[in-house]
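Taking the working numbering, the leading residue of the sequence shown gets 18, the next gets one more, and so forth. In what follows, a single structure is set out as structure tokens and then discussed.
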Amino acid sequence: MLVSPSLLSADFGNLERDVKMINATDATYIHIDIMDGVFVPNISFGFPVLKYIKKAAEKPLDVHLMIVEPQKFINEVKAMGAEIMTVHYEACLHLDRVIHQIKDMGMKAGVSLNPSTPVSLLKNIIGDIDVVLLMSVNPGFGAQKFIPYTLDKVRELRALIDSTGSKAIIEIDGGVNADTGKLLAEAGCDMLVAGNYVFSAANPAEAVRTLIEL
Ligand code: DX5
Ligand code: ZN
């Protein structure tokens with residue numbers, strides 16, 4: 018299992034320390050949640066802060082934009098060295114164009130679906146997507162409860178990917194812990210985002226390992 022710890026649960030007064038702490042784990046990526054107070058009812062951090070995260074990070078960055086009109090920030094996300102740039106399906110009027118703009122900039126294109134958005138909407142575009150990020154909570158906050166019907170969505174998405182020969186990986190975000198992670202692994206997901214589960218653990222590196230081994 019690939020694991021992407023979410024910095025949203027870090028101690029923002031000690032961001033550099035917490036980024037270095039994740040550097041020292043076996044995590045695959047560092048997950049960065051950008052919010053605008055419009056697409057989601059919360060605001061996290063913006064590009065001036067991310068400049069310092071980039072400096073400290075030794076893992077590739079997995080950037081999740083929970084903002085309206087994410088296409089306006091493709092250059093900024095590229096400049097922070099993101100490997101994956103994920104936009105929300107619900108925030109893009111012209112998703113096909115945005116996906117290709119992200120890929121043209123040399124990044125992996127991720128598309129996220131809110132819990133209530135059906136997987137079937139990706140049917141025609143799945144071959145062009147590198148990462149599908151299924152939200153398993155309503156986006157905006159860490160430490161929320163996992164929504165169980167996500168498991169059906171993972172199975173449906175797995176079948177869509179396998180039947181079309183798409184290379185997309187399935188990433189799940191929200192309420193992930195060892196228990197929900199196990200169910201998600203069985204349902205066919207490839208990558209887990211974890212905020213609260215990693216950062217509130219007595220031993221975060223061990224929490225990351227637990228998820229990797231699922
Ligand atoms: C929520 C964010 C998540 C969040 C997950 O809107 O997209 O990445 O940090 O946090 P946990 O793992 O605590 O549910
Ligand atoms: Zn996220």
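A virtual CB, placed ideally from N, CA and C, is assigned to each residue, including glycine. The structure presented is a predicted model; accordingly, all values stated were derived computationally and were not measured.
Closer than 7 Å: residue i CB and nearest the ligand ZN heavy atom
i: residue 61; result: no
i: residue 26; result: no
i: residue 50; result: yes
i: residue 169; result: no
i: residue 23; result: yes
i: residue 190; result: yes
i: residue 210; result: yes
Close-in-space but distant-in-sequence residues of the same chain around residue i (CB under 6 Å, 5 per side omitted)
i: residue 82; result: 51 and 104
i: residue 26; result: 159, 212, 213 and 216
i: residue 194; result: 214
i: residue 163; result: 153, 192 and 197
i: residue 130; result: 106 and 151
Contact test: residue i Cβ vs the ligand PLP heavy atom, cutoff 7 Å
i: residue 111; result: Ligands in the displayed structure: the ligand DX5 and the ligand ZN; the ligand PLP is not one of them.
Close Cβ partners of residue i (< 7 Å) along its chain, the five nearest in sequence each way excluded
i: residue 54; result: 60
i: residue 229; result: 18, 20 and 43
i: residue 144; result: 181 and 183
Any non-hydrogen atom of the ligand DX5 closer than 7 Å to residue i Cβ
i: residue 154; result: yes
i: residue 53; result: no
i: residue 69; result: no
i: residue 213; result: yes
i: residue 17; result: The displayed coordinates of the chain run from 18 to 231. Any statement about residue 17 would go beyond what the structure contains.
i: residue 56; result: no
i: residue 193; result: yes
i: residue 13; result: In the structure as shown, the chain begins at 18 and stops at 231. Residue 13 is therefore absent and cannot be evaluated.
i: residue 158; result: yes
Whole-Å CB distance - residue i paired with residue j, under 8 Å assumed
i: residue 204; j: residue 175; result: 7 Å
i: residue 185; j: residue 147; result: 6 Å
i: residue 102; j: residue 126; result: 7 Å
i: residue 112; j: residue 128; result: 7 Å
i: residue 93; j: residue 64; result: 5 Å
i: residue 119; j: residue 76; result: The Cβ separation is near 20 Å, so there is no contact.
i: residue 91; j: residue 108; result: With 8 Å as the limit, residue 91 and residue 108 do not qualify as a contact, their Cβ atoms being about 13 Å apart.
i: residue 235; j: residue 18; result: A query on residue 235 cannot be resolved here, the shown segment of the chain reaching from 18 to 231 and no further.
i: residue 138; j: residue 97; result: Not confirmed; about 29 Å, so no contact.
8 Å CB neighbourhood of residue i in its chain, flanking five on each side removed
i: residue 21; result: 44, 45, 46, 47, 48, 79, 188, 208, 209, 210 and 211
i: residue 140; result: 177
i: residue 161; result: 154, 155, 191 and 192
i: residue 142; result: 112, 113, 116 and 128
i: residue 95; result: 102, 122, 123 and 124
i: residue 171; result: 151, 187, 189, 201, 204, 205 and 206
Residues bridged to residue i (per DSSP)
i: residue 188; result: 150 and 208
i: residue 103; result: 81 and 127
i: residue 52; result: 83
i: residue 22; result: 211
i: residue 47; result: 78
Chain D contact for residue i (CB, 8 Å cutoff)
i: residue 129; result: In the displayed structure, chain D is absent; only one protein chain is listed.
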